[in-house]
Amino acid sequence: MKKLNSNEFRQEVESGKGLILVDFSATWCGPCKMQAPILEELAGAYTIYNIDVDESEDIASQYNVNAVPSLMIFKDGVLKENLIGFHPKEAIVEKMDKYQ
1 MKKLNSNEFR
11 QEVESGKGLI
21 LVDFSATWCG
31 PCKMQAPILE
41 ELAGAYTIYN
51 IDVDESEDIA
61 SQYNVNAVPS
71 LMIFKDGVLK
81 ENLIGFHPKE
91 AIVEKMDKYQ
């Protein structure tokens, strides 16, 4: 899972092709720390990026991230779904596969 800054987000996600999961998180967030190993495990099957909301406030604001973790599913640069809070692996896989 690669961490992106604001410019990389625009290039990799908003201009990207295919299915992408973006993890909006923060270093101080307990549920984010619980979510991270699940996302690392899924990174072999899906394209997953991380955005630190404190470092990339402009992107977090643009996508109205009011709670972390927020997992956003993009397809061909378009936001398809926003999953707020901790989610188990099976729930993430189910949501991602819906857009394959």
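Sequential numbering from 1 applies to the sequence shown in the UniProt record's numbering.
Idealized CB from N, CA, C, for every residue including glycine.
**OP:** Go ahead and label leucine 71 buried or exposed: buried means 16 or more other beta carbons lie within 10 angstroms of its beta carbon, across all protein chains shown.
**Re:** Locating residue 71 in the sequence shown gives position 71, where the first residue counts as 1. Its Cβ being crowded by 16 or more others within 10 Å, leucine 71 is buried.
Subject >> Nearest-angstrom Cα separation, counted from isoleucine 20 out to serine 6 >> reply: Here residue 6 corresponds to residue number 6 of the sequence shown, with the count starting at 1. Here residue 20 corresponds to residue number 20 of the sequence shown, with the count starting at 1. Rounded to the nearest whole angstrom, the CA to CA distance from serine 6 to isoleucine 20 is 16 Å.
Original post:
With a Cβ-Cβ cutoff of 7 Å, do tyrosine 49 and lysine 2 count as a contact?
Top reply: Taking the first residue of the sequence shown as position 1, residue 49 is located at position 49. Taking the first residue of the sequence shown as position 1, residue 2 is located at position 2. Yes. Within cutoff.
Original post:
Do alanine 26 and valine 53 have their C-beta atoms within less than 7 Å of each other?
Top reply: One-based indexing of the sequence shown puts residue 26 at position 26. One-based indexing of the sequence shown puts residue 53 at position 53. Yes, Cβ-Cβ distance for alanine 26 and valine 53 is below 7 Å.
**OP:** Give the DSSP-derived three-state secondary structure of serine 3 in the structure shown.
**Re:** The count along the sequence shown starts at 1 and reaches residue 3 at position 3. Here the sequence assigns lysine to residue 3, which means serine is not the residue at that position. Here lysine 3 sits in strand by DSSP.
Original post:
Tell me which same chain residues have a C-beta within less than 7 Å of the C-beta of isoleucine 59, skipping the five on either side of it?
Top reply: As a working mapping, residue 59 is identified with position 59 in the sequence shown. If we look at isoleucine 59 and ignore the five residues flanking it on each side, its Cβ neighbours are Ser6, Phe9, Ile51.
Original post:
Hey, how far is the Cα of asparagine 82 from the Cα of leucine 42?
Top reply: What you label residue 82 is simply residue 82 of the sequence shown in a count that begins at 1. What you label residue 42 is simply residue 42 of the sequence shown in a count that begins at 1. Taking the straight line from one Cα to the other gives about 17 Å.
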